[in-house]
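Quick note, the sequences are listed as chains A and B, same order.
The C-terminal position of the first sequence is numbered 270 in our numbering, with every residue numbered one higher than the one before it.
The C-terminal position of the second sequence is numbered 270 in our numbering, with every residue numbered one higher than the one before it.
Protein chains: 2
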Amino acid sequence: MIKRKQDKSKIPAVTINRLSIYFRCLNRLLETSEGRNLKTISSHKISQLTAINSTQVRKDLAYFGEFGKRGIGYPVNHLNEAIRKILGLDKKWNIIIAGAGNLGKALADYKGFKKKGFLIKGIFDNEPEKIGKNIGHILVYNIEDMQELIIKWNIQIGVIAVPADAAQNIANKMVAGGVQSILNFAPVSLVTFPGIRIKNVDLSIELEGLTYYLNT
Amino acid sequence: MIKRKQDKSKIPAVTINRLSIYFRCLNRLLETSEGRNLKTISSHKISQLTAINSTQVRKDLAYFGEFGKRGIGYPVNHLNEAIRKILGLDKKWNIIIAGAGNLGKALADYKGFKKKGFLIKGIFDNEPEKIGKNIGHILVYNIEDMQELIIKWNIQIGVIAVPADAAQNIANKMVAGGVQSILNFAPVSLVTFPGIRIKNVDLSIELEGLTYYLNT
DNA sequence: TAGATTGTTAATCGATTAACAATC
DNA sequence: TAGATTGTTAATCGATTAACAATC
Numbered sequence: 055m056i057k058r059k060q061d062k063s064k065i066p067a068v069t070i071n072r073l074s075i076y077f078r079c080l081n082r083l084l085e086t087s088e089g090r091n092l093k094t095i096s097s098h099k100i101s102q103l104t105a106i107n108s109t110q111v112r113k114d115l116a117y118f119g120e121f122g123k124r125g126i127g128y129p130v131n132h133l134n135e136a137i138r139k140i141l142g143l144d145k146k147w148n149i150i151i152a153g154a155g156n157l158g159k160a161l162a163d164y165k166g167f168k169k170k171g172f173l174i175k176g177i178f179d180n181e182p183e184k185i186g187k188n189i190g191h192i193l194v195y196n197i198e199d200m201q202e203l204i205i206k207w208n209i210q211i212g213v214i215a216v217p218a219d220a221a222q223n224i225a226n227k228m229v230a231g232g233v234q235s236i237l238n239f240a241p242v243s244l245v246t247f248p249g250i251r252i253k254n255v256d257l258s259i260e261l262e263g264l265t266y267y268l269n270t
Numbered sequence: 055m056i057k058r059k060q061d062k063s064k065i066p067a068v069t070i071n072r073l074s075i076y077f078r079c080l081n082r083l084l085e086t087s088e089g090r091n092l093k094t095i096s097s098h099k100i101s102q103l104t105a106i107n108s109t110q111v112r113k114d115l116a117y118f119g120e121f122g123k124r125g126i127g128y129p130v131n132h133l134n135e136a137i138r139k140i141l142g143l144d145k146k147w148n149i150i151i152a153g154a155g156n157l158g159k160a161l162a163d164y165k166g167f168k169k170k171g172f173l174i175k176g177i178f179d180n181e182p183e184k185i186g187k188n189i190g191h192i193l194v195y196n197i198e199d200m201q202e203l204i205i206k207w208n209i210q211i212g213v214i215a216v217p218a219d220a221a222q223n224i225a226n227k228m229v230a231g232g233v234q235s236i237l238n239f240a241p242v243s244l245v246t247f248p249g250i251r252i253k254n255v256d257l258s259i260e261l262e263g264l265t266y267y268l269n270t
C-alpha cells in the first residue's frame with residue numbers, strides 16, 4: 055500500500071533517482087523468462103543487479119510503503135507497478151523540445167520517450183528552413199508560437215536544446231506559457247522560478263569530471 | 055599556488071562538478087568587456103552568478119590552494135587559469151564515440167568538444183551503410199576495429215552511444231583497448247572495472263526526476 | 001523450529017554552512 | 001583605522017550503513 059500524503063520534500067532527491075534505477079532493473083528482469091517466473095525479489099538481489107547497497111534499497115522503498123514481506127522479499131510485479139505509479143509513469147506527459155539542432159533531433163527521435171509515456175508534441179526553432187519540416191513524426195514549429203502552443207497542448211515539460219545564449223530567454227517563455235518542469239541541455243545556470251523544477255544535463259561537467267581524474 | 059600531491063580521493067566529486075561551474079562562469083565573464091576590466095572577483099560575486107553559497111565557493115577553491123587575497127578577492131585571470139589546469143583542460147584528450155545513431159551524430163557535431171581540448175578521433179558502428187562515411191569531419195569506422203584503433207590513437211575517453219543491450223560489450227572492448235574513462239549514455243548500469251571511471255548520463259532518470267514531482 | 005528477509009533505529013560518515021580570526 | 005573578504009574551524013545538516021527486532 056502506498057502511503058498517502060507522503061511529503062515529497064522529505065524524501066531525498068537521490069532516492070528518486072535510485073527509484074528510477076530499481077524500476078529499470080525490474081523491467082529488464084520481467085523481460086526475461088527467468089524474471090517472469092520469479093514471484094518475489096529480495097533487496098539483496100536488487101542490490102546485486104544495481105550495485106546499490108541493500109539497506110539503501112529497503113530504506114528507499116520504505117519511504118513509500120511496506121511493499122515487502124519479512125522472510126520473503128518483494129513481490130516483483132507489484133513492486134514494479136508501485137514504482138511506476140510513484141514516478142508518475144502511469145500517466146501521459148506532454149513535452150515540447152526547443153531547438154531543432156542535432157541534439158534536438160536526437161531527442162525527438164529517441165524511442166525511450168514514447169515507451170515511458172512521454173509524448174513529444176512539437177519541436178520549436180527560429181530558422182525558417184527548419185520550420186514546417188518533420189523530424190521523425192514530429193513537426194517543427196516557429197519558436198514565436200511556442201508560448202501559445204504550450205497552453206493549447208497542455209505541455210508540462212519543456213526540453214531546452216538551444217545554444218547557451220538563447221537558453222534563458224527560451225526558459226522564460228516556457229514558464230510564461232505554463233510549463234512546470236524544464237530539462238535543460240544548454241550549458242548555463244538558468245535563473246530559476248519559484249515552483250518550477252529545472253534539471254540540467256551538462257556534457258561539459260560530465261567530461262570535466264573525467265579529465266580531472268585522468269589528469270596527473 | 056596549487057597544492058602539490060593533493061589526494062584526489064579526499065576531494066568530494068561534487069566539488070569537481072562545481073569547479074566546472076565556476077570555470078564556465080569565469081569564462082563567460084571574461085567574454086564581456088565588463089569582465090575583462092575586472093581585476094578580482096569575490097566569492098560573493100561568484101555566488102551570485104552561480105547560485106552556489108559563497109562559503110561553499112571558498113571551501114571548494116581552498117582544496118586546491120590559496121588563490122585569493124583577504125580583503126580583496128580572487129584574481130579573475132589567475133583563478134580561471136588555475137581551474138583550467140586543475141580540470142586538466144590545458145591538455146588535449148583523445149576521444150572516440152561508439153554508436154553512429156542520432157545521439158552519436160549529435161555528440162560528434164557538438165562544437166563544445168573542440169573548444170575545450172577534446173579531440174574526437176573516430177566514431178564506431180556495426181552497420182555497413184554507415185562505415186566509411188563522414189559525420190561532420192569525423193569518419194565512421196567498423197566497430198570490429200575499435201580496440202586496435204584505441205591503442206593506435208592513444209584514446210583516454212570512450213563515449214558510449216549505443217543501445218542498452220550492446221553497451222556492456224562495448225564497454226568491455228573499450229577497457230580492453232586501454233580506455234581509462236567512459237561516458238555512458240546507454241540506460242544500463244555497466245559492470246565496472248577497477249581503476250576505470252564511468253560517468254552515466256541517463257535521460258530516463260532525469261525525466262522521471264521531473265514527473266515524480268509533477269505527479270499529484 | 002531454523003533460516004531468510006523486511007522495516008526501522010541508531011551509529012556513522014560526509015557535505016554544507018555559520019562564524020570568525022587573519023589580513024589586505 | 002574601518003571595511004571587505006579570504007581561509008578555516010566548528011556546528012549543523014542530511015544521507016548512508018550497520019545492527020537487529022519483527023515476522024514470514
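Ideal placement from N, C-alpha and C gives every residue a C-beta, glycine not left out.
1) If we call anything under 8 Å between Cβ atoms a contact, is Leu271(B) one with Lys139(B)?
2) At a cut of 8 Å, does the region 114-125 of chain A reach the region 120-138 of chain B through at least three beta carbon pairs?
3) Could you check what DSSP says for Phe167(A) in three-state terms: helix, strand or coil?
4) Which residue or residues does DSSP assign as beta-bridge partners of Ser87(B)?
5) Go to Lys175(A), then tell me how far its alpha helix (DSSP H) extends in each direction, as first and last residue.
6) Mind checking if Ile192(B) is an interface residue toward chain A, Cβ cutoff 8 Å exclusive?
7) Would you mind sorting Glu262(A) into buried or exposed? The rule is 16 or more other CB atoms within 10 Å of its CB.
8) Name, going along the chain, the residues of the region 168-190 of chain A whose beta-carbon falls closer than 7 Å to a beta-carbon of chain B.
9) Which residues in the same chain have their Cβ closer than 7 Å to the Cβ of Ser97(B), if we skip the five residues on either side of it in sequence?
10) Cβ closer than 9 Å: which chain A residues qualify as neighbours of Glu262(B)?
11) Which same chain residues end up closer than 6 Å to Ser258(B) when comparing Cβ atoms and leaving out the 5 residues on each side of it in sequence?
12) Can you pull the chain A residues whose beta carbon is under 8 Å from the beta carbon of Thr104(B), in chain order?
13) Please confirm whether Ile214(B) and Ile224(B) have their CB atoms less than 8 Å apart.
14) Closer than 7 Å by C-beta to Thr104(A): which residues in its own chain qualify, once you throw out the five before and the five after it? Chain order, please.
15) In angstroms, rounded to a whole number, what distance separates the CA positions of Ala220(B) and Tyr267(A)?
16) Going by the CB atoms, is the gap between Ile106(A) and Tyr128(A) shorter than 8 Å?
17) Distance check for Gly186(A) and Ile236(B), CA to CA, integer angstroms please.
18) Could you check where the beta strand (DSSP E) with Arg251(A) kicks off and where it finishes?
19) So is Lys59(A) buried or exposed if we call it buried at 16+ other beta carbons inside 10 Å?
20) At a Cβ threshold of 8 Å, is Val130(B) touching chain A?
Based on what the coordinates show:
1) No statement about residue 271(B) is possible, as the shown extent of chain B runs from 55 to 270 and does not include it.
2) no
3) Helix at Phe167(A).
4) Ser87(B) pairs with nothing; no bridge assigned.
5) No alpha helix (DSSP H) contains Lys175(A), which is instead part of the beta strand (DSSP E) from 172-179.
6) no
7) Note on Glu262(A): 16 or more other CB atoms within 10 angstroms of its CB, so buried under the neighbour-count rule.
8) Lys170, Phe172
9) Ser108, Val111, Arg112
10) Ile70, Asn71, Leu73, Ser74, Phe77, Leu141, Gly142, Leu143, Lys170
11) Pro241
12) Chain A residues near Thr104(B): Ser243.
13) With a cutoff of 8 Å on beta-carbon distance, Ile214(B) and Ile224(B) are scored as near each other.
14) Ile75, Tyr76, Cys79
15) 26 Å
16) no
17) 38 Å
18) 251-254
19) At Lys59(A) the pLDDT is 44, less than 50, meaning the model places this residue with poor confidence; the figure from the coordinates comes in the next sentence. Per the 10 Å Cβ criterion, exposed.
20) no
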